[in-house]
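*Asks:* Shown below is the structure under consideration.
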Amino acid sequence: MVGPLIGIGISGVSVALFAVLFRMERRRGQRFFEEARTQLDQRVFQMFAYITRISRYLGRDVIRQSIHYAVHVILRVFQSFISFVLTHANRLERTNKALAQRAKQFGEPRTKLDELEAHKEEVALSEDERKAHKEESIGTRL
Numbered sequence: 001m002v003g004p005l006i007g008i009g010i011s012g013v014s015v016a017l018f019a020v021l022f023r024m025e026r027r028r029g030q031r032f033f034e035e036a037r038t039q040l041d042q043r044v045f046q047m048f049a050y051i052t053r054i055s056r057y058l059g060r061d062v063i064r065q066s067i068h069y070a071v072h073v074i075l076r077v078f079q080s081f082i083s084f085v086l087t088h089a090n091r092l093e094r095t096n097k098a099l100a101q102r103a104k105q106f107g108e109p110r111t112k113l114d115e116l117e118a119h120k121e122e123v124a125l126s127e128d129e130r131k132a133h134k135e136e137s138i139g140t141r142l
């Protein structure tokens with residue numbers, strides 16, 4: 001807790017000293033240590049120009065890398081999805097193949113439609129029963 005307070009105190013004192021220094025220079029009309037401060041200003045401007053050039057270059061590179069990374073992630077998701085589908089398709093193929101081999105060994109399995117057809121044949125009316133049923137229904141209509 002004391003460290004941040006010391007930092008704030010030093011910053012406040014530095015700002016106050018710079019304000020006093022600049023006010024004195026303005027009254028005097030001339031900067032203190034003119035040559036040294038001019039060289040320091042030139043070095044600071046060179047440093048900022050270098051940082052600006054580097055940041056422009058890196059900025060373009062970061063954007064390009066971000067786009068490449070996003071495309072890479074999207075392609076990785078597609079690859080995972082395709083792998084998932086392929087794995088399940090292979091499982092279904094193996095299961096179907098085993099069922100087909102079992103059906104070949106034990107005869108063809110009956111489907112629901114086969115069972116319905118067999119039931120229809122079992123409960124089908126004979127020709128005499130059909131004629132009697134038809135005569136009954138015609139007789140009741142009149």
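full-length UniProt numbering numbers the first residue of the sequence shown as 1 and each following residue consecutively. Every residue, glycine too, gets a C-beta built ideally from N, C-alpha and C.
Is the Cβ-Cβ distance between arginine 43 and arginine 37 less than 8 Å?
*Replies:* Taking 8 Å as the Cβ cut-off, arginine 43 and arginine 37 do not qualify as a contacting pair.
*Asks:* At what residues does the alpha helix (DSSP H) containing alanine 49 begin and finish?
*Replies:* Note, alanine 49: alpha helix (DSSP H), 34-106.
*Asks:* In the structure shown, what three-state DSSP assignment does methionine 24 receive?
*Replies:* DSSP places methionine 24 in helix when its eight states are reduced to three.
*Asks:* So what does DSSP say about arginine 110, is it helix, strand or coil?
*Replies:* If DSSP states are grouped into helix, strand and coil, arginine 110 belongs with coil.
*Asks:* Would DSSP call valine 15 helix, strand or coil?
*Replies:* The answer is helix: DSSP assigns valine 15 an H, G or I state.
*Asks:* Quick one: grab the DSSP three-state call for alanine 118.
*Replies:* The answer is helix: DSSP assigns alanine 118 an H, G or I state.
*Asks:* Measure the C-alpha to C-alpha separation of leucine 17 and arginine 26 and round it to an integer number of angstroms.
*Replies:* The straight-line gap from Cα to Cα measures roughly 14 Å.
*Asks:* Measure the CB-CB distance between leucine 125 and histidine 119 and report whether it falls below 8 Å.
*Replies:* No, they are not a contact pair.
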